[in-house]
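> Here you go, one structure.
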Amino acid sequence: MKLQTVNTNEERKLIVHQTAQAFLSRAQKHDEENTFPMENIQELKEIGYTTLTIPKEFGGAGLPLTDWLSLQEVIATYDGSTSLSIGWHMGIITQIIENRSWPENILDRVLYEVLHEGKLLNAAASEPETGSPTRGGKPTTTAKNEKDSWVINGRKSFTSMAPALDYFVVSATMEDGQVGNFLIHRTAPGVKIEETWNSIAMRGTASHDLYLKNVRIPADHFLEIIHPGKKSPAGWLLHIPACYLGIAQAAQNFAVEFAKNYSPNSLSTSIKDLPNVQVKIGENEADLIQARYFLYGVAKKWDTSSQNERLAMQSELSSVKYHVVNSAVNIVDRAMRVVGAQSLFKENPIQRYYRDVRAGLHNPPMDDRTLVSLASEAFERPE
């Protein structure tokens, strides 16, 4: 069943749950073999998932942020790598619609291809030389204007979902020193994906390096001027904490089932009746409730705010990511303490949750930037 044929988000959640159940059984294989779950992405396409954030005026579902974040969380309970990967595509679609800064003909064509041909896109902004683009470093990737085209050269890292992408939104420094985004199709001559991804966390994201050697693109594939490091509130980035919240829920689910069923011969019952186990499970439940109220409360505020009101939401958005991801790390840690040494067995998915959830600490915005920014606001606040 297509997600576009149902009327409520609860019905969408049910369809996503049914589809994503197969992701869990594949996750261990992809994690151990360091491969990309292409079949997961294909199945999400088949239910219409990848088009949900396209506005109704373009033929999409126009799903608000609050609703699609909840679906991202569902996917993450089965496979965090799939959730984070597809979240970038969904978020980029949201961003380009909100900003409307791309050439109209390119925007219309890309959205049509996403809607009718299942095309996928993601930004390629990080570089080994500059680190996170949120730190403000200029790309070493270059764009040279030659008559009716641009010639792009450089290397990008952390290109999530690289094997499945049709388009890369590439940041590059131009000859006048400005930085711009450029649209590059994966089939363009000179485009190469090198399989460099060997992280212990989120292995299934296939966040490989993108190499661009004399890649020539049409002039109108120059999309927009950008300003690296300049903060601009982006509600769609909440897909990051939504993903890690889903992973934390998966760890809690595993710990609860383990506690209900594990009964060492030193006890006359299962360990779920032990006070120390109940405290850890209870602490996790409290953290999950708090994280959801914060995440979805801010998401709902974003959905119902004007453009001007959204401009004042950077602190709230950053704080959500800080609180939710750090809570998720703590939740997984407590869940592992409930399970004990068996949590380290490779056949148990909770050890993968432990590795995957820590990746959230290194997704933007970084904790130190968030906290310094909040401190600066506190010091500047009138008495």
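For what it's worth, our numbering labels the leading residue of the sequence shown as 36, then goes sequentially.
We put the CB at the ideal spot given by N, CA and C, even for glycine.
Is it the case that the region 197-207 contacts the region 297-306, given that we only count it when at least three CB pairs across the two stretches are under 8 Å?
no
> Can you tell me which of the three DSSP states methionine 209 falls into?
strand
> To the nearest angstrom, how far is the alpha carbon of asparagine 136 from that of arginine 372?
Checking the sequence, you will find serine at residue 136 rather than asparagine. Distance between the alpha carbons of serine 136 and arginine 372: 49 Å.
> How many Å lie between histidine 52 and tryptophan 185 at the Cα?
44 Å
> Give the DSSP-derived three-state secondary structure of arginine 251 in the structure shown.
strand
> Can you tell me which of Ser192, His243, Gly189, Val226 puts its alpha carbon nearest to the alpha carbon of tryptophan 232?
Among Ser192, His243, Gly189, Val226, the Cα nearest to that of tryptophan 232 belongs to His243.
> Whole-angstrom Cβ separation of valine 374 and arginine 393, contact assumed at under 8 Å?
No, valine 374 and arginine 393 are not in contact; Cβ-Cβ is about 17 Å, not under 8 Å.
> Do you know whose CA, among Ala57, Glu67, Thr86, Leu98, lies nearest alanine 334's CA?
The candidate whose alpha carbon is nearest that of alanine 334 is Leu98.
> Evaluate leucine 379 with the Cβ neighbour count: other Cβ atoms within 10 Å of its Cβ, from every protein chain shown; 16 or more gives buried, anything less gives exposed.
exposed
> So what does threonine 194 bridge to, in DSSP terms?
His243
> Use the C-beta contact count for lysine 37: other C-beta atoms within 10 angstroms, 16 or more gives buried, fewer gives exposed.
exposed
> Alpha carbon to alpha carbon, what distance is there between glutamate 181 and lysine 421?
No information on residue 421 is available, as it lies outside the stretch 36 to 418 that the chain covers here.
> For glycine 264, count the other beta carbons within 10 Å of its own beta carbon; 16 or more makes it buried, fewer makes it exposed. Which is it?
exposed
> Please classify aspartate 338 as buried or exposed, where buried requires at least 16 other C-beta atoms within 10 Å of its C-beta.
exposed
> Helix, strand or coil: which one does DSSP assign to alanine 158?
strand
> Tell me the residue span of the beta strand (DSSP E) that contains lysine 179.
177-181
> Pop quiz: alanine 277 and leucine 330 are said to be a contact at Cβ under 8 Å. What is the actual Cβ separation, rounded to whole angstroms?
6 Å
> State the Cα-Cα distance for the pair threonine 177 and serine 350, rounded to the nearest angstrom.
32 Å
> Between Gly172, Gln386, Ile219, Asp143, which has its C-alpha nearest alanine 159's C-alpha?
The shortest Cα separation from alanine 159 among Gly172, Gln386, Ile219, Asp143 belongs to Ile219.
> Considering only the alpha carbon of each residue, which of Val360, Ser354, Arg251 lies closest to serine 408?
Taking only the C-alpha atoms, the option nearest serine 408 is Ser354.
> If you draw a straight line from the alpha carbon of valine 34 to that of proline 138, how long is it in whole angstroms?
Any answer about residue 34 is impossible in this case: the structure gives the chain only from 36 up to 418.
> Would you mind sorting glutamine 386 into buried or exposed? The rule is 16 or more other CB atoms within 10 Å of its CB.
buried
> Identify which residue in Gly171, Thr222, Asn69 has its Cα closest to the Cα of methionine 401.
Gly171
> Return the CA-CA distance between leucine 288 and isoleucine 127, expressed in angstroms with no decimal places.
What sits at residue 288 in the sequence shown is asparagine, not leucine. Going by the C-alpha atoms only, they are around 31 Å apart.
> Compute the beta-carbon to beta-carbon distance between alanine 290 and leucine 245, rounded to the nearest angstrom, for a pair I have assumed lies under 8 Å.
Rounded to whole angstroms, the Cβ separation of alanine 290 and leucine 245 is 38 Å, and the two are not in contact under 8 Å.
> Can you tell which of Gln130, Gly212, Val367 has its C-alpha closest to the C-alpha of proline 90?
Gln130
> What distance in whole Å lies between the Cβ atoms of leucine 200 and leucine 156, which are believed to be in contact at a cut-off of 8 Å?
6 Å
> Go ahead and pull the three-state DSSP assignment for lysine 381.
In this structure, DSSP gives lysine 381 a state outside helix and strand, which the three-state scheme calls coil.
> What is the DSSP secondary structure of serine 267, reduced to helix, strand or coil?
coil
> Hey, could you find the ends of the beta strand (DSSP E) valine 226 is sitting in?
Unbroken beta strand (DSSP E) run through valine 226: 226-229.
> Within the same chain, show all residues whose beta-carbon is closer than 6 Å to that of threonine 112, passing over the 5 residues directly before and after it, in chain order.
Gly281, Gln284, Ala285
> Alpha carbon to alpha carbon, how far is valine 367 from leucine 309?
19 Å
> Can you round the beta-carbon distance between arginine 61 and leucine 106 to whole angstroms, since I take them to be within the 8 Å contact cut?
The pair is not a contact, with the Cβ atoms about 19 Å apart (cut-off 8 Å).
> By DSSP, does tryptophan 185 sit in helix, in strand, or in coil?
strand
> Give the DSSP-derived three-state secondary structure of glycine 122 in the structure shown.
helix
> Could you check the C-alpha separation between glutamate 412 and serine 341 for me, to the nearest Å?
22 Å
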